[in-house]
Amino acid sequence: MLSILIPIYNFDVRALVEELHCQALALDIPVEILCFDDFSQPAWRTINREVERLELVKYRELPENQGRARIRNTLADAARGAHLLFLDCDSEVPDEAYLQRYAALLDEEHLLYGGRAYRAEPPDRPELLLHWKYGTRREQMPPGRRRQSPYHHFMTNNFLVPAAVFQKVRFDERLLEYGHEDTLFGMEMRKNGVPVHHLDNPLVHIGLESARAFLDKTAKGVHNLAFLYRSGTGIETRLTHFYQRLKRTGLAWPFKRVLAALRPLLLRNLLSRRPSLFSLDLYKLGLLLEEL
Numbered sequence: 000m001l002s003i004l005i006p007i008y009n010f011d012v013r014a015l016v017e018e019l020h021c022q023a024l025a026l027d028i029p030v031e032i033l034c035f036d037d038f039s040q041p042a043w044r045t046i047n048r049e050v051e052r053l054e055l056v057k058y059r060e061l062p063e064n065q066g067r068a069r070i071r072n073t074l075a076d077a078a079r080g081a082h083l084l085f086l087d088c089d090s091e092v093p094d095e096a097y098l099q100r101y102a103a104l105l106d107e108e109h110l111l112y113g114g115r116a117y118r119a120e121p122p123d124r125p126e127l128l129l130h131w132k133y134g135t136r137r138e139q140m141p142p143g144r145r146r147q148s149p150y151h152h153f154m155t156n157n158f159l160v161p162a163a164v165f166q167k168v169r170f171d172e173r174l175l176e177y178g179h180e181d182t183l184f185g186m187e188m189r190k191n192g193v194p195v196h197h198l199d200n201p202l203v204h205i206g207l208e209s210a211r212a213f214l215d216k217t218a219k220g221v222h223n224l225a226f227l228y229r230s231g232t233g234i235e236t237r238l239t240h241f242y243q244r245l246k247r248t249g250l251a252w253p254f255k256r257v258l259a260a261l262r263p264l265l266l267r268n269l270l271s272r273r274p275s276l277f278s279l280d281l282y283k284l285g286l287l288l289e290e291l
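Read left to right, the sequence shown gives residues 0 to 291 (numbering that gives the first Met the number 0).
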């Protein structure tokens, strides 16, 4: 059995689940679709209860917010399938063969990562441009490029893993808020020798957020990164590599002061109609320097 696992938080999943249900019925293997709501606002829960009517769907509302890591473990523990397909709820299936491409490659060893895509046209609303630009230039990449650093380029939005393999790794539940649960999960896979196979089977990320909301999540992600770095996990990212270079050369303190002074200008750019990813990099570095 294939278990499709969808953690839900404040998003309308009806179209996604209905399309997955249609594709699942056409497969030659049994499928279940588990949709667990992570204590969304009442209006979203009312909307998403409609998926309960679908034959293969099991919908559950959790009594409290578990966070991105813990709810994925909860879904895996409730699943009956030998293979687990984790999907982000703010996604769109690219075509009618999405599930079939995964089903054709099931085995008992590999983790399969399909990738992430964004719509080609920029959003009409200017406050969504920062998220779209970051996604299209930093997260969306072809499988050939992802294979060059298979663990580093893994994300949790769209991956399939044998249930027995997942139970050896699981998500680190110390991370209660947004950010870097995928980085840490990728590190654990590498430590445990889990092979990652990168496919051209992306989900389209349609849940673009305003620049202010995106920056708030960015700050939470940097906070998590600093926590993991201080905890001795050996976490490695572009940001921690640059921090280590500054520390070795004695430039961490001067950079910290300069970036703190520049923060209002960086935020002005990031909230503008022409946000720069270089400004975003400097903003994140400044936050990390303050944390460490």
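Every residue, glycine too, gets a C-beta built ideally from N, C-alpha and C.
Annotated three-state conformation of Ala116 is strand, per DSSP. Proximity of the segment 159 to 171 to the segment 89 to 96 falls short of the contact definition, fewer than three beta-carbon pairs being nearer than 8 Å. When C-beta atoms of the segment 184 to 198 are compared with those of the segment 107 to 127, three or more pairs fall below 8 Å, so the two segments count as touching. If you ignore the 5 residues before and after Arg44, its C-beta comes within less than 7 Å of the C-beta of Asp36 and Glu60, all in its own chain and listed in chain order. In the three-state reduction of the DSSP assignment, Arg169 falls in the coil class. Following the DSSP letters along the chain, one finds Arg59 inside the beta strand (DSSP E) bounded by residues Val56 to Glu60. A check of alpha carbon separations from Ile7 across Asn64, Gly185 and Gly143 identifies Asn64 as the nearest.
Here the segment 72 to 88 makes contact with the segment 1 to 21; the two share three or more CB pairs at distances below 8 Å.
With respect to the 7 Å criterion, Leu245 and Leu281 are not classified as neighbours on the basis of their beta carbons. Secondary structure note for Ser278: its alpha helix (DSSP H) is the uninterrupted segment Leu276 to Glu290. Within the segment 206 to 239, the runs of alpha helix (DSSP H) at least 4 residues long that lie entirely inside it are, in chain order, 210 to 229. Listed in chain order, the non-local C-beta contacts of Leu238 below 7 Å within the same chain comprise Leu224, Lys283, Leu284 and Leu287, local neighbours out to five positions each way being set aside. Residue pairing from DSSP places Pro161 in a beta bridge opposite His82. Annotation: His240 to Ala102 spans about 38 Å, alpha carbon to alpha carbon. If you ignore the 5 residues before and after Tyr58, its C-beta comes within less than 6 Å of the C-beta of Cys34, Val50 and Glu51, all in its own chain and listed in chain order. For Cys21, the enclosing alpha helix (DSSP H) stretches over residues Arg13 to Leu24. If you draw a straight line from the Cα of Val203 to the Cα of Glu17, it comes to about 16 Å. In the same chain as Asp27, and ignoring 5 residues on each side of it, the C-beta atoms closer than 8 Å to its own belong to Ala102, in chain order. For His130, the enclosing alpha helix (DSSP H) starts and ends at Leu128 to Tyr133.
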